[in-house]
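Residue numbers (the UniProt record's numbering), protein chains in the order written: chain A, 1 to 326; chain B, 1 to 338; chain C, 1 to 280. In what follows, a single structure is set out as structure tokens and then discussed.
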Amino acid sequence: MTASTLATSSAAPPTRSAGPRSGRIRATLTRARTALGPSGIVAALFLLAVVVFALIAPLVAPADPNAQSLLDAYAGPSPEHLLGADGIGRDILSRLIYGSRTSLLGPALVVLVALAVGIPLALAGAWYGGAVDAVVARVFDLVYALPGLLLAVLAVALFGPGLTPAVVALSIAYVPFLARVVRAAARQQRVSPYVDALAVQGFGAARINVRHILRNITPVVLGQAAIAFGYALLDLASLSYLGLAVQAPTADWGVMVSDTDALMKGYWLPVVLPGLLIVACVLSLTVLGSRISGERPQPYLRRRRPRPAQDQRRRADRTSRSGDQP
Amino acid sequence: MTDATPLLELRGLGVQLPGDGGPRAVLHGIDLTLGAGEALGLVGESGSGKSMTMRAITGLLPPGAQLDGTVRFEGEDIAAMAPSTLRRYRDRGVGMVFQDPRAHINPTRRIGSFLTEALTLNRGLGRRAAQARAIATLSEVGIDEPERRLRQYPHELSGGMLQRVMIASVLLAEPRLLLADEPTTALDVTIQAEVVGILDQLRRDRGLGMVFVTHDLDLALAVCHRVAVMYAGRIVEVRSAERMHEENAHPYTRGLLGSRPAIDHRAERLTAIPGRPVSAFEAGPGCAFATRCAHVQPLCRERPPELAPFRGGLVRCHRVAEIHQETSDGTSSQEATA
Amino acid sequence: MNQQAGRTPSEAPAVSADGLGKVFRVPDGRGGHTTHAAVRDVSFEVAAHGSLGIVGESGSGKTTIARMLVGLERPSSGTIAVMGRDRSRPPRRGAERNRRAHELQIVFQDPYTSLDPRQSARSAVDEVIRHHTSLDGPQRAERLAELVDQVGLTNRQADARPCDLSGGQRQRVAIARALAAGPRVLVLDEAVSALDVSIQAQILNLLADIRAATGIAYLLISHDLAVVRQLCDDVLVLRRGRVVEQGACARVLDHPTQEYTRALRAAAPVPGWRPPGVAR
């Protein structure tokens, strides 16, 4: 214990601050607010509202989404039907609320499956490098070259229309979109001395990757996942619009947009409202995604006496992360 | 150099940067003068404000920065200069050598085009004449085969070689004041010796004024006439380089000298200064060094000391006379601060 | 850990390297590869509880040697043994990896990148203790407090994330994390080079105290002769991958026999030093 007292100035009393929970939550909220910015906060609140409505649909929907009443066909907004009714008299507001369930469930599955497949591959490529990385990268490139929608159409052609084949096909197509970003971010972490230090401590590759590298690149992964969610929502809506994914009587935004009959008769409300919701969700997800990944893994605020070459390389790595759409 | 206008004069120089809770002072009341042919060292740790002083001298402060006091170059206040005069001052008045030459030389262009660009564009020199000047200057900074170097790219040159190219590029503008900001920190020690040798030679041959910023007090003492030790955005001691080792008086200067291990013996224990260096805005109302000083008294925490003459130098310390008294009475400074 | 360790001269050397070499394949810019020998036929020993400084300029291969010692690079030739056990080949299984970690640890140069940015000092050190020992909760907490205290961190600093700590404090965390594995040898890869002068002195004093208290052996990689003199008994001068000179610090630094060692010494700015070719 000879070393204990020598060189530190701060002789703070050894009271271990237990960190009151509320304070920590408040700090997290403040951090989130500064990271998201005004546009991000609006996007997040909007998406939160959509998700909440989807979850409690039976409680908030004024009517059964499939209850027909031909008397009310193409009724305008009224106290009975707040947003009017469609061609067979179904309540549009209720259909929008219930429709959010299928409309959100599909993309959520796509993103989850793509992450589940992509993250392990990307981490393995970044960790082992060399031949492993080359194979992983080529596989990503190959899948990246396949248009997701075409793949989905192909799957539907083979297995018949429905949500499942469309989701499976899109999941495959979205793997590279997510995994490329994960790989780039993980490679950057891989060469950090802290990862070397952990390896020297005897920790295994799996633990270092999951407990340290993945944790540090979480913002990047979440951000990209949000953007992917938006695109998948759009893709699935398009497929439903074409009658290839969610099938007609089910309330779904994509299905609702495909109600050309209403448009022809001059009733735009049943078509435009779900369309607007899709656009708003995709936009919010994109905004939120870029704001989240903007909060990069909190790095090294100041590096003293940087080695020139290294520093530039690191900067180049940071900017070369791709963020394009499949 | 006292009779004529000094080459460079800083009076009450202060810089505030925008921060979370309003402006934050990073530099405070800097007074310095420099004559032609004179070398002045600015020595300090991180946050001491030595690099910010350099930026203030060139008038290149970060956005939102607020400047107090004056910087005069050959008697002219740079804050009052017309834009064209200011450009001329930055071009021909003052030249700056940075720590990391690789970050300041375009990697995609040959050394020749880097060196001659300013000559052909700003001075209207012909290509041939500009090349000849570049070659002459490269030999002056000790680069062999200068003709061949002109055709090379930055990545083909070592760090030490590139720093010489950087110095040559500064010299081509024929400045009267040379600012060197940690010019050798990224270099190996043998290369460092050569580069500071070249800077020293040039200063004497060309009668340049030089401000040499470094964290290495012994290095500054070796190349400068006078050395100003900075702490938390203030100058705490100014003294001639020759007398610094014998006459140093400020507890921080003493701490710095005691902190450096020696090459020819092992110290039983280094005189470590406790705590860490602070920035100007972190310092309390009194002496900025009070939190780390072994000689601190209540007065030190209350009132900021002034930079006052003491034994041939200037020292910013309330208790400098008493400390000098104490430490020359048997107890060595080592024991007092350990 | 904390009692004065006995220093019997008969113990096996902490580290012994014999004919160590490392050849890197580097792209030649035309699609092919050429080889670059970073380390060539380097042999040295660090006595048990001893301290060796490896000194060299950039490109001398000193960092490559450190990376080979900790297993981050595989030697192209020669052997390395730590505490008498060979580690020239990568470990076959986890237990072997842990045993090596238990014998030798490293502190890196840059305190800004060598800590996981999302992990507090306490959690980083605790993770290592948990990994290397079978201590229960209270025992671990005790060991943790001991380490935090030993490297001179306050409790508040131990709970902070790296981004809220200064360079010197981060380096203390890195030292605590290295010590947590209970190593017999500590490799210090330029571990004080990036620090402010006054902080460097604190860390050098701290390292000297730790060695006095635990009898741990040091292998210090540095470009700074004075730092080596302060912390090490022996020194090895390295140039372009080869050993120039080695021996006791006092002998090599005060009476160098090799031209390169003399040049290194002469170039270091010490009190009264003047840059070459300058007479005032």
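We put the beta carbon where it would ideally sit given N, CA and C, even for glycine. These numbers come from a predicted model, not from an experiment.
Residues of chain C with a Cβ closer than 7 Å to the Cβ of B:Thr190 are, in chain order, Glu57, Ala263, Leu264 and Ala267. If only uninterrupted alpha helix (DSSP H) runs of at least 4 residues are considered, those enclosed by the stretch 124-206 of chain C are 137-150, 155-159 and 167-180. DSSP, read as helix, strand or coil, puts C:Ile210 in helix. In the three-state reduction of the DSSP assignment, B:Glu194 falls in the helix class.
Between B:Gly12 and B:Gly95, the CB-CB gap reaches or exceeds 9 Å.
When C-alpha distances from B:Asp264 are compared across C:Cys232, C:Ala213, C:Asn98 and C:Ala226, the shortest belongs to C:Ala226.
Taking 9 Å as the threshold, the shortest C-beta distance from C:Asn155 to chain B does not fall below it. The three-state secondary structure of B:Arg303, taken from DSSP, is coil. Only Ser192, Pro193, Tyr194, Asp196, Ala197, Leu198, Ala199, Val200, Gln201, Gly202, Phe203 and Gly204 from the stretch 176-206 of chain A bring a Cβ to less than 8 Å from some Cβ of chain C. Interface criterion met: the Cβ of A:Asn216 is under 9 Å from a Cβ in chain C.
A:Ile227 sits close to A:Thr286, with the two beta carbons spaced by under 9 Å. Short of 7 Å from the beta carbon of C:Pro256, and not among the five residues preceding or following it, lie these beta carbons of its own chain, in chain order: Glu245, Arg262 and Arg265. A direct Cα-to-Cα measurement between C:Pro13 and C:Gly84 gives close to 7 Å.
In this structure, the straight-line span from the alpha carbon of A:Pro176 to that of A:Ile41 is close to 28 Å. For C:Asn98, no CB of chain B lies under 9 Å from its own CB, so it is not counted at the interface with that chain. Listed by position along chain C, the residues whose Cβ is nearer than 7 Å to that of B:Leu256 are Val197 and Ser198. Shortest Cα-Cα distance from C:Tyr218 to any of C:Val197, C:Ala66 and C:Thr154 involves C:Ala66.
B:Leu307 sits close to B:Val236, with the two beta carbons spaced by under 9 Å. Residues of the stretch 38-58 of chain C with a C-beta atom less than 8 Å from some C-beta of chain B are Glu57 and Ser58, listed in chain order.
Boundaries for B:Arg260: no beta strand (DSSP E) harbours it, and the DSSP string shows neither H nor E there. In the DSSP assignment, B:Arg88 is bridged to no other residue.
Per DSSP, reduced to three states, the secondary structure at A:Gly148 is helical.
Membership of C:Thr113 in any beta strand (DSSP E) is not indicated, and neither H nor E is assigned to it by DSSP. Per the DSSP secondary-structure output, B:Thr291 pairs with nothing in a beta bridge.
C:Ala212 counts as exposed, since fewer than 16 other C-beta atoms from the protein chains shown sit within 10 angstroms of its C-beta. Judged by pairs of C-beta atoms under 8 Å, the stretch 172-184 of chain C touches the stretch 128-135 of chain C, as three or more such pairs exist. Within the stretch 109-124 of chain C, Asp110, Tyr112, Thr113, Ser114, Leu115, Asp116, Pro117 and Arg118 place their CB atoms closer than 7 Å to a CB of chain A, listed in sequence order.
The beta-bridge partner set that DSSP reports for C:Phe24 consists of C:His36.
One finds Val200, Gln201 and Gly202 in chain A with Cβ atoms closer than 8 Å to the Cβ of C:Ala101, taken in chain order. In the three-state scheme derived from DSSP, where H, G and I count as helix and E and B as strand, C:Gln246 is classed as strand. For B:Arg226, the uninterrupted beta strand (DSSP E) segment begins and ends at Arg226 to Tyr231. Secondary structure within the stretch 35-99 of chain A: the alpha helix (DSSP H) runs of 4 or more consecutive residues, fully enclosed, are 57-60 (chain order). Residue-level contact by beta carbon fails for C:Val26 and chain A, as no gap is shorter than 9 Å.
The Cβ of B:Ile273 sits closer than 9 Å to at least one Cβ of chain C.
When rounded, the separation of the alpha-carbon atoms in B:Glu9 and B:Pro261 is 35 Å.
B:Glu9 is bridged by DSSP to B:Thr33 and B:Arg72.
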